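Here's the structure we're looking at; comments come further down.
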Amino acid sequence: MAEVLDLKLTDLEDFACCGFPVKSTDSGASLVMAARNLSIAADRGLDICSLCNACTSVLTEANRELKGNKELRDEVNEELGKIDMEYKPGVKVKHFSRILYEDIGPDAIKERVTKDLGDFSFSIHYGCHYLRPKKIYEGFDNPEDPRTVDELVELTGAKVIDYKNRLQCCGGAILGVEESIALKMAKEKLDNVTTNDVDALITICPFCSIMYEDNQRKIESNFDVEYKLPVLYYPQLLGLAFGLEARKQLGFRLNKVRPEALLKKLEGDE
Amino acid sequence: MTIVDLTSMVEPQGELQDKINGMLDSMSEDISNFCFQCGKCTSGCEAFILLELEPHRIMALVKNGFIDELVNSDIIWTCMTCFKCKERCPQGMAPVNVLFALKNLAVAMGKQIPSGYTNMLQNVLGTGLIQAPKEVLNRKNETIDREKLNLPPIQRPEDPAKFQQIIMKAATETLR
Ligand code: SF4
Ligand code: SF4
Ligand code: SF4
Ligand code: SF4
């Protein structure tokens, strides 16, 4: 999908987890891990395009803190030095959606749209770390009333349906601590989204998708409800609008909640 | 160095404790100076309704020196790190960061922490990833992995030992 937009993405060898998962247990270790990843990107002379909200926030925050605070940088570099690495400022970190919005831009995307999804409507889950903490995102979008992903979805011609409490967190952060509560939070959102007639829920973070998609069946059986609500990662949707092949090129065969109805509707449109 | 080795070589992390305590001291001073207990943080807190986390109370407790009580309590582990409290505080306070510091301190002091967090740390330390890529069996009993799905391999630290070396400090503390 990125190729359609002439965006070249490379997997960074040696890259590890961003550090977010250990921030609660050791913020120092989290920072060192983030710095290590940033230094790998710097050595390759590449910027970072992140696909997950939490990675985006942790890497962006680390980048910002390390650039501005020499004392902290020295401390981190002392650790990294033990494995012959060094943090150097200069790498940019951006979420893929933000790159689409800011660097590629709505107009250029619109130009590539070959299939109008006007018959479809979607709801969006932004996720907490896409825009918060605000300070680190240089005023990109409004965390209390975000619009950029709405606009990105609308580029496909589809309608965006607002719903109750749309900024509610997915609960993913406590999945490993209080699973029942986490599922209850995800259920609330699924309830709110399915009050309206939407074809799918759109996310921009794989972890949010875990909560709404991978855990959907569990929620259905725990609470005795039924949603069958497909959850799509935004690039999958955009790919459809670019006319790419859903199963082969856009990974639709891997979606846990079968998006068959949606795909049938799409084919019927043709 | 493997994970198993780590669990058996724990030493109290006094230095780290001092550092976090220092951090909490300065946070506590900020709270005294700026937090006026308006409760706005709690009004939007994701963990308030279902888990009864009240960030404004956490702030008040830290200000009044109840650090020991807090690091021993489960409540600090209910924060979803949504950062809403930080964004909405009219006084520029960040309860979410106070909670991070409290959790870090609990770890540095070797307190019992929720197993979800220990597992995450163990995975990260062992593989460099929060979860190693899985293989699954399909209905025909065939093993499906990333390669079979035509997906590129997942990147991870090329030298796990080196990777562990730099984040070891944290781990020795937590995995007791
Ligand atoms: S997806 Fe999760 S575990 Fe993976 S790098 Fe991002 S925050 Fe870390
Ligand atoms: S909604 Fe959940 S998974 Fe998504 S960014 Fe927020 S905490 Fe992370
Ligand atoms: S919103 Fe800020 S000032 Fe108000 S109680 Fe919370 S931390 Fe204190
Ligand atoms: S970051 Fe934690 S304390 Fe702050 S509002 Fe979110 S859940 Fe509540």
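Going line by line, the protein sequences match chains A and B. By my numbering, the letter at position 30 of the first sequence is numbered 30, and the numbering carries on one by one without gaps. If you want my numbering, it's the position in the second sequence, counting the first as 1, plus 1000. Beta carbons are placed, not taken as given, at the ideal position from N, Cα and C, and that holds for glycine. Quantities reported herein were computed from a predicted structural model and do not represent experimental measurements.
### Query
Is it right to say T25 of chain A is buried, meaning 16 or more other beta carbons lie within 10 angstroms of its own, or is it exposed?
buried
### Task
Mind the definition here: the segment 1060-1078 of chain B touches the segment 122-142 of chain A only if three or more C-beta pairs lie below 8 angstroms; say whether that holds.
no
### Query
Y233 of chain A by DSSP, collapsed to three states: which one?
strand
### Query
Using a C-beta to C-beta distance shorter than 8 angstroms, which residues of chain A count as neighbours of V1103 of chain B?
The displayed chain sequence assigns Lys, not Val, to residue 1103 of chain B. What K1103 of chain B touches in chain A: S24, T25.
### Bridge partners - T203 of chain A, DSSP secondary structure assignment
A:H125, A:Y233
### Task
Over the uninterrupted alpha helix (DSSP H) stretch that includes I83 of chain A, give me the two end residues.
Unbroken run through I83 of chain A: none, as it is neither H nor E.
### Task
Run the CB neighbour count on Q1037 of chain B, radius 10 Å, all protein chains shown included, and call it buried at 16 or more, exposed below.
exposed
### Query
Ordered along the chain, which non-local residues of its own chain (more than five positions away) have a Cβ less than 6 angstroms from that of L1016 of chain B?
A1108
### Query
In chain order, which beta strand (DSSP E) runs of at least 3 residues are fully inside the segment 4-90 of chain A?
48-50
### Query
How is the alpha helix (DSSP H) around V193 of chain A delimited, first residue to last?
179-194
### Query
Is P133 of chain A near ligand 3, going by C-beta to nearest heavy atom under 7 angstroms?
no
### Query
Is the segment 91-109 of chain A touching the segment 58-74 of chain A in the sense that three or more CB pairs, one from each, lie closer than 8 angstroms?
yes
### Residues near L5 of chain A by beta carbon distance below 6 angstroms, same chain, minus five either side
I104
### Query
How far does the beta strand (DSSP E) with V93 of chain A in it reach, from first residue to last?
93-95
### Query
Any idea what DSSP makes of V160 of chain A, helix, strand or coil?
strand
### Message
Just to be sure I understand the criterion: a residue counts if its Cβ is closer than 7 angstroms to at least one heavy atom of ligand 3. Which residues meet that?
### Response
B:F1034, B:C1035, B:F1036, B:Q1037, B:C1038, B:G1039, B:K1040, B:C1041, B:T1042, B:P1055, B:H1056, B:M1059, B:C1085, B:R1088, B:C1089, B:P1090, B:Q1091, B:M1093, B:P1095
#### Entry: Secondary structure of K256 of chain A, DSSP reduced to three states
coil
### Message
Please confirm whether R1176 of chain B has its beta-carbon closer than 8 angstroms to some beta-carbon of chain A.
### Response
With a pLDDT of only 36 at R1176 of chain B, under 50, the local geometry of the prediction cannot be trusted, and the value read off the model is given with reservation. No, R1176 of chain B does not count as interfacial toward chain A.
### Query
Does the pairing of the segment 1080-1089 of chain B with the segment 1037-1048 of chain B give three or more beta-carbon distances under 8 angstroms?
yes
### Query
CB-CB under 6 angstroms to R132 of chain A, same chain, minus the five flanking residues each way: which ones, in chain order?
P143
### Message
Going by beta-carbon coordinates alone, are C170 of chain A and H125 of chain A separated by less than 8 angstroms?
### Response
yes
### Query
Closer than 7 angstroms, Cβ to any Cβ of chain A: which residues of the segment 1034-1048 of chain B, in chain order?
E1046
### Query
Are K218 of chain A and L155 of chain A touching if we call contact CB-CB under 8 angstroms?
no
#### Entry: Alpha-carbon to alpha-carbon, E179 of chain A and I136 of chain A
30 angstroms
### Query
Is G1014 of chain B helix, strand or coil when you go by DSSP?
helix
### Message
Shorter than 7 angstroms, the distance from the beta carbon of M211 of chain A to the closest heavy atom of ligand 4, or not?
### Response
no
### Task
Would you grab the beta carbon distance between M1 of chain A and C18 of chain A for me? Rounded to a whole angstrom, and I think it's under 8 angstroms.
Not a contact, Cβ separation roughly 22 angstroms.
### Task
Drop a sphere of 10 angstroms on the beta-carbon of R258 of chain A, count the other beta-carbons inside from all chains shown, and report buried for 16 or more, exposed for fewer.
exposed
### Query
Rounded to a whole number of angstroms, what is the C-alpha to C-alpha distance between K88 of chain A and F1066 of chain B?
39 angstroms
### Task
Could you spell out where the alpha helix (DSSP H) holding V1098 of chain B opens and where it closes?
1095-1108
### Proximity test, C1082 of chain B beta-carbon vs ligand 4 heavy atom, cut-off 7 angstroms
yes
### Message
Less than 7 angstroms separating the Cβ of L1053 of chain B from some heavy atom of ligand 4?
### Response
yes
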